[in-house]
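A short write-up of the structure that comes next.
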């Protein structure tokens, strides 16, 4: 019985070991199959994602369309002068200038016109007066008496200053005909001639005041226009929020045009004023020479008349004594 029991236990143990080995083999096989399946799914997942991405990407392309929508408050787009077609000539810059700058430009142009008008009118007047007075001086150079000079002056021009001076001297002699004070007559004649020369000089200098004023203030008026224009240009820069030189340059050029016009008006005015001052000074000296010659003739006539009167008195006195 013990031996049979022992063999039975050994058979049962051998049967258990065989069954356990089979179960272990099936478990290992199932584990290997599971591991291989998980590895295959892990390798297939990255390949599937690009496919999904590629399938989604074409559908996402239309999403870029909202970027072309116009914003609610768009920033102003500033175009350069070439795109705006701005005329940068003198006339074009005047048309685009501010009303204050336009007023300054018009005033300076008018001042320039006045300058050139005075040049031609006063220049021709001075030229004719100097030539006429030179001929009259040559005519009166060999005259010995005031009466003879007055006769020659009748052929002079109506604008002749020599004829006017001779007439003043004759009038003073006629008014002082009953006076025996020759020195007083000479002084009164010299005073009349001096006043006549001074009035003639003032008349010849008419118009030089305009030239002096234009030459003095035109640069400052042009500078005012430039400052005003540049100020407007900087205000435009602040409004446009750009410092692009192509945008700022036209406004600055318009402003500088005012200064250029101021110099155009001032420089000729100063030059012409200096020329006229020198010419009028020389012509005044010529008139003074004619006045001195008239006074010389008047004084000579008075002295000769006084000498003749003294000789007659002396001769009559000798006759009474004899």
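In UniProt numbering, the protein residues as written are 1 to 322. In this text, a Cβ means the ideal position worked out from N, Cα and C, and glycines have one as well. Small disclaimer: the values here were computed from a predicted structure and weren't measured.
Taking Cβ to Cβ, would you say residue 166 is nearer than 8 Å to residue 149?
yes
Quick check on the burial criterion: 16 or more other C-beta atoms within 10 angstroms. Buried or exposed for residue 189?
buried
Residue 305, buried or exposed, once every other Cβ within 10 Å from all chains shown has been counted against 16:
exposed
On a CA-only basis, which of 106, 252, 144 and 279 is nearest residue 127? Give me that one, please.
279
On the premise that residue 98 lies in contact with residue 229, defined as a C-beta separation below 8 Å, what is that separation, rounded to the nearest angstrom?
6 Å
Measure the C-alpha to C-alpha separation of residue 106 and residue 273 and round it to an integer number of angstroms.
22 Å
Out of 101, 96 and 89, which one is the CA nearest neighbour of residue 258?
101
According to DSSP, is residue 178 helix, strand or coil?
coil
Beta carbon of residue 115 nearer than 8 Å to that of residue 216
no
Rounded separation between residue 333 and residue 177 - CA only:
Outside the shown range of the chain (1 to 322) lies residue 333, about which nothing can therefore be said.
Starting from residue 136, trace the alpha helix (DSSP H) in both directions and tell me its first and last residue.
99–140
Neighbourhood of residue 303 by C-beta, 8 Å cutoff - its chain only, sequence neighbours within 5 removed
182
Return the chain-ordered ranges of every alpha helix (DSSP H) run that is complete within the stretch 202–243 and spans a minimum of 4 residues.
208–240
Would residue 90 be called buried (16 or more neighbouring beta carbons within 10 Å of its own) or exposed?
exposed
Leaving out the 5 sequence neighbours to the left and right, which residues in its chain are closer than 7 Å to residue 207 when beta-carbon positions are compared?
118 and 122
With 16 other Cβ atoms within 10 Å as the buried cut-off, status of residue 241:
exposed
Where residue 170 sits in the DSSP three-state scheme:
helix
Please state if the CB of residue 187 and the CB of residue 156 are separated by a distance shorter than 8 Å.
no
Could you round the C-beta distance between residue 133 and residue 162 to whole angstroms and report it? I think they count as a contact, below 8 Å.
7 Å
Can residue 193 and residue 291 be called in contact, C-beta distance under 8 Å?
yes
Per DSSP, what kind of secondary structure is residue 305 in: helix, strand or coil?
helix
Is the distance from the Cβ of residue 108 to the Cβ of residue 218 below 8 Å?
yes
Nearest-angstrom Cα separation, counted from residue 310 out to residue 124
51 Å
Exposed unless 16 or more other CB atoms sit within 10 angstroms - verdict on residue 146:
buried
Where do the N-terminal and C-terminal ends of the alpha helix (DSSP H) with residue 150 fall, by residue?
146–153
Check this for me: beta carbons of residue 288 and residue 143, under 8 Å apart or not?
no
Taking the alpha carbon of residue 249 as the point to measure from, which residue in 231, 173, 293 and 262 has its own alpha carbon closest?
231
Option in 271, 210 and 261 with minimal Cα separation from residue 225:
261
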